[in-house]
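Engineer:
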Amino acid sequence: MTRGRWTKRILAAYFVVFLLFLYGPMLVMAVLSFQGPQGGISFPMRGVSLHWWEALVNGPRADTIRETAGRSLRLGLLSGAIVAVLALTLSMGYRRRFRGDNGLFYLIMLALMTPGILLSLGTALYWQFLEEPTSLWRTAIGTHVVWGLPFGFLVMVAVWNRYSNAVEEASRDLGAGAIRTFREVTLPLIWTGLLGAFLFGFTLSWNDYDRTALLAGGENTLPLQIFALTIGSVIRPDLYALGTATTLVSLIAVGIFLVVAALILRRRRAAPATADEEFGILESEVVQAER
Amino acid sequence: MPGSAWLIFFLLAPVLFIILVSFWTRTISGFDEVWTLDNYRALFDSNVYWSQLWSSFWHSLVVVAASLVLGFPVAYFLAISVTSLRNQIALFIIALAPFWTSYLIRAVAWVPMMGREGALNTILQKLRLIDQPLDILLFSDFAVTLAMLQLYILFMVAPIFFMLAQIDRSSLEAARDLGANSFQSFREVILPQSMPGIVIGSIFVFVLTMGEFGTVRIIGGGQVSSVGTIVSNQVVSVQFPQAAASAVFLVLAMMVGVFLLLRVSNLREEL
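From first to last, the protein sequence lines stand for chains V and H. The first sequence begins at 4 in the numbering used here and counts up one residue at a time. The second sequence begins at 3 in the numbering used here and counts up one residue at a time.
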């Protein structure tokens with residue numbers, strides 16, 4: 004048994020090193036964003052200041068950044084909403100077998116595997132052929148949803164796997180119509196899953212560069228702006244401040260979701276009969292999320 | 003269903019259209035529907051493209067191998083060593099959180115780590131492992147590979163974790179009771195169970211790194227190129243049919259890679 008304990012300790016230490024590898028560069032970036040005004044883009048720190056954060060908010064680039072951030076936020080919210088709705092309808096189809104379910108499943112997996120640059124190029128060419136100008140709201144939203152949909156779909160499939168059809172039958176037997184059943188019985192049971200699908204749609208769109216690059220039609224999103232700042236000009240610490248800020252937005256979105264899910268969990272646990280089931284849903288959601 | 007209509011219009015049609023355009027003629031503003039094989043002829047004459055395709059292919063395999071070797075212990079630790087479900091979920095989410103942040107920013111974050119005066123060089127010099135700062139760290143193949151490993155290793159860890167988490171702990175105990183040492187129980191119980199996860203993870207990492215171009219541009223700083231950057235350069239110079247032809251071979255190379263990975267294990271049988 005002692006050998007088992009040592010294995011566990013070594014693996015735990017390795018896990019910490021792994022987390023350092025994952026988070027280290029981002030933490031260094033966050034620290035460097037507080038460089039003094041004379042400081043450069045790498046160590047040593049020349050003083051500590053809010054100079055570069057200030058430059059981000061009030062500097063010459065501030066207006067563009069605010070504008071692009073606002074646009075990215077609206078695009079992300081819209082794309083999250085569409086992903087949630089489409090993931091719901093698609094996954095409901097898979098509650099029973101239907102003609103072409105295999106083909107559609109491969110199509111959904113194709114959405115996961117197609118490299119962004121390819122999708123971006125194909126869509127740009129296709130729209131040029133259709134003689135339609137590309138724009139964020141008609142074209143890029145399409146590719147963003149394609150990227151988020153497989154993740155949202157897998158989350159919803161996991162939810163339905165844990166879901167009992169009996170409650171819907173009971174509701175119908177009690178005389179509730181289809182809409183009322185959906186609103187009062189189905190929705191309260193699956194909405195954490197919907198929120199998860201929305202979250203994937205939002206963060207994947209908020210951070211996307213590849214799938215937007217050729218489709219923005221003159222309106223830049225925040226990642227496009229960041230790419231332009233990185234490639235087109237000399238990197239300055241205000242880019243680190245911007246990077247830290249957008250990372251925080253993503254992590255806060257994930258955090259809010261987790262808090263909400265945990266609160267629901269606790270409330271459900273008050274009713275012991277369903278507690279285990281609810282926990283199961285959350286677990287399988289996490290488990291399925293990355294598939 | 004609206005979902006399938008969306009996928010057909012925004013995914014299937016564009017991807018098929020790339021193949022079509024790769025056989026069309028280039029014009030100043032884009033392409034014309036005149037059938038030609040010139041794009042492919044130009045491609046076959048270009049040594050740069052083939053050496054690039056080969057090096058991208060090779061790099062992706064290196065990243066796949068490295069993420070498997072470095073990622074497997076993480077998945078094993080989370081799924082087997084951590085026993086409480088709550089801790090498992092919490093640690094898994096901590097490990098997964100960077101997935102929800104921008105890969106562009108995470109690529110940018112490598113810049114202060116790698117430069118001549120970057121954090122890595124400073125640390126190595128402080129430890130007296132090197133006397134002179136290493137130049138190979140930024141704008142090099144090594145830098146791009148390391149950054150891609152960090153960006154995509156989660157796609158390897160997650161599927162293996164899901165497979166391992168399904169292992170019935172009692173089967174591990176049974177193996178021990180039957181006198182298996184840890185190596186045997188690893189080979190007989192853990193490895194077969196994690197195989198589908200390994201294959202899925204390898205396919206993810208391979209496909210995603212093969213098509214990469216943002217990271218390559220930022221960390222490679224124009225010194226390193228990939229098929230992705232070739233395609234995007236051709237797009238910038240409005241050589242759409244040429245870009246489409248390059249992309250078609252990129253996809254073919256990916257399919258070869260995925261096919262090879264599937265040969266390792268028969269996924270359909272094991273799932």
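In this text, a Cβ means the ideal position worked out from N, Cα and C, and glycines have one as well.
What are the start and end residues of the alpha helix (DSSP H) that includes residue 43 of chain H?
Structural biologist: 40-47
Engineer: Please confirm if residue 186 of chain H has its CB atom under 8 Å from at least one CB of chain V.
Structural biologist: For residue 186 of chain H, no Cβ of chain V is located within less than 8 Å of the residue's own Cβ.
Engineer: Is the region 203-211 of chain H touching the region 250-264 of chain H, taking contact as three or more C-beta pairs under 8 Å?
Structural biologist: yes
Engineer: Does residue 221 of chain H pass the burial test, meaning 16 or more other C-beta atoms within 10 Å, or should it be called exposed?
Structural biologist: buried
Engineer: Would you say residue 1 of chain V lies against chain H (beta-carbon separation less than 8 Å)?
Structural biologist: What the structure shows of chain V is the stretch from 4 to 294, and residue 1 of chain V is not part of that stretch, so it cannot be assessed.
Engineer: Helix, strand or coil for residue 209 of chain V? Go by DSSP, reduced to three states.
Structural biologist: helix
Engineer: So residue 152 of chain H contacts chain V; which residues on that side make the cut at Cβ distance below 8 Å?
Structural biologist: Ordered by position in chain V, the residues that pass the 8 Å Cβ test against residue 152 of chain H are 24, 25 and 28.
Engineer: Under DSSP, the alpha helix (DSSP H) around residue 175 of chain H begins and ends at which residues?
Structural biologist: 171-179
Engineer: Residue 297 of chain V by DSSP, collapsed to three states: which one?
Structural biologist: Outside the shown range of chain V, which is 4 to 294, sits residue 297 of chain V, and nothing can be said about it.
Engineer: State the Cα-Cα distance for the pair residue 90 of chain H and residue 151 of chain V, rounded to the nearest angstrom.
Structural biologist: 25 Å
Engineer: Using DSSP with H/G/I as helix, E/B as strand and the rest coil, what is residue 25 of chain H?
Structural biologist: coil
Engineer: How would you label residue 258 of chain V, buried or exposed, when you count the other beta carbons within 10 angstroms and need 16 or more for buried?
Structural biologist: exposed
Engineer: Give the straight-line distance between the Cα atoms of residue 184 of chain H and residue 191 of chain H, rounded to the nearest whole angstrom.
Structural biologist: 10 Å
Engineer: Please report the distance separating the alpha-carbon of residue 172 of chain H from that of residue 160 of chain V.
Structural biologist: 28 Å
Engineer: Note down the Cα distance separating residue 55 of chain V from residue 233 of chain V, rounded to an integer number of angstroms.
Structural biologist: Between the C-alpha atoms of residue 55 of chain V and residue 233 of chain V there is a straight-line separation of about 16 Å.
Engineer: Could you tell me whether the Cβ of residue 198 of chain H comes closer than 8 Å to any Cβ of chain V?
Structural biologist: no
Engineer: Run down chain V in chain order and give the residues with a C-beta less than 8 Å from the C-beta of residue 1 of chain H.
Structural biologist: With chain H running from 3 to 273 in the structure shown, residue 1 of chain H is simply not present.
Engineer: Check the C-beta distance from residue 171 of chain V over to residue 195 of chain V and give it rounded, since I have them as a contact under 8 Å.
Structural biologist: With a contact defined as Cβ atoms closer than 8 Å, residue 171 of chain V and residue 195 of chain V miss out at about 18 Å.
Engineer: Terminal residues of the continuous alpha helix (DSSP H) containing residue 149 of chain V?
Structural biologist: 144-164
Engineer: Going by the beta-carbon positions, is the gap between residue 193 of chain V and residue 153 of chain V smaller than 8 Å?
Structural biologist: In this structure, residue 153 of chain V does not lie closer than 8 Å to residue 193 of chain V by Cβ.
Engineer: Listing by chain order, which chain V residues have their CB less than 7 Å from the CB of residue 3 of chain H?
Structural biologist: 92, 93 and 96
Engineer: From the DSSP secondary-structure annotation, give me the bridge partner or partners of residue 38 of chain V.
Structural biologist: V:51
Engineer: So which residues on chain H does residue 38 of chain V lean against when the C-beta distance must stay under 9 Å?
Structural biologist: Ordered by position in chain H, no residue passes the 9 Å Cβ test against residue 38 of chain V, which lies about 10 Å from the chain.
Engineer: Can you have a look at residue 216 of chain V and say buried or exposed, based on whether 16 or more other CB atoms are within 10 angstroms of its CB?
Structural biologist: buried
Engineer: Below 7 Å on C-beta distance, what does residue 99 of chain H contact in chain V?
Structural biologist: 254 and 257
Engineer: At a CB-CB cut-off below 8 Å, which residues of chain H make contact with residue 145 of chain V?
Structural biologist: 8, 11 and 12
Engineer: Label residue 230 of chain H either buried or exposed according to how many other C-beta atoms from any shown protein chain fall within 10 Å of its C-beta, with 16 as the threshold for buried.
Structural biologist: Classification of residue 230 of chain H: buried, given that the 10 Å Cβ count is 16 or more.
Engineer: Which first and last residues belong to the alpha helix (DSSP H) in which residue 8 of chain H is found?
Structural biologist: 4-9
Engineer: I want to verify the contact list: residues of chain H whose CB lies under 8 Å from the CB of residue 149 of chain V, in sequence order.
Structural biologist: 8, 9, 12 and 13
Engineer: Straight-line CA distance for residue 162 of chain V to residue 86 of chain V?
Structural biologist: 16 Å
Engineer: Where does residue 134 of chain V land, buried or exposed, given buried means 16+ other C-beta within 10 angstroms?
Structural biologist: exposed
Engineer: Which full runs of the alpha helix (DSSP H) of 4+ residues lie inside the region 98-136 of chain H, going along the chain?
Structural biologist: The alpha helix (DSSP H) runs of length 4 or more contained entirely in the region 98-136 of chain H are, from start to end of the chain, 105-110, 113-116 and 121-128.
Engineer: Can you tell me whether residue 46 of chain V is helix, strand or coil according to DSSP?
Structural biologist: coil
Engineer: Along chain V, which residues have their Cβ under 8 Å away from the Cβ of residue 110 of chain H?
Structural biologist: 32, 229, 233, 238, 242, 243 and 246
Engineer: With residue 48 of chain V and residue 246 of chain V assumed to form a contact (beta carbons below 8 Å), what rounded beta-carbon distance in angstroms separates them?
Structural biologist: That belief does not hold up - the Cβ atoms of residue 48 of chain V and residue 246 of chain V are roughly 17 Å apart, past 8 Å.
Engineer: Residue 37 of chain H and residue 25 of chain H - do their beta-carbons sit closer together than 8 Å?
Structural biologist: yes
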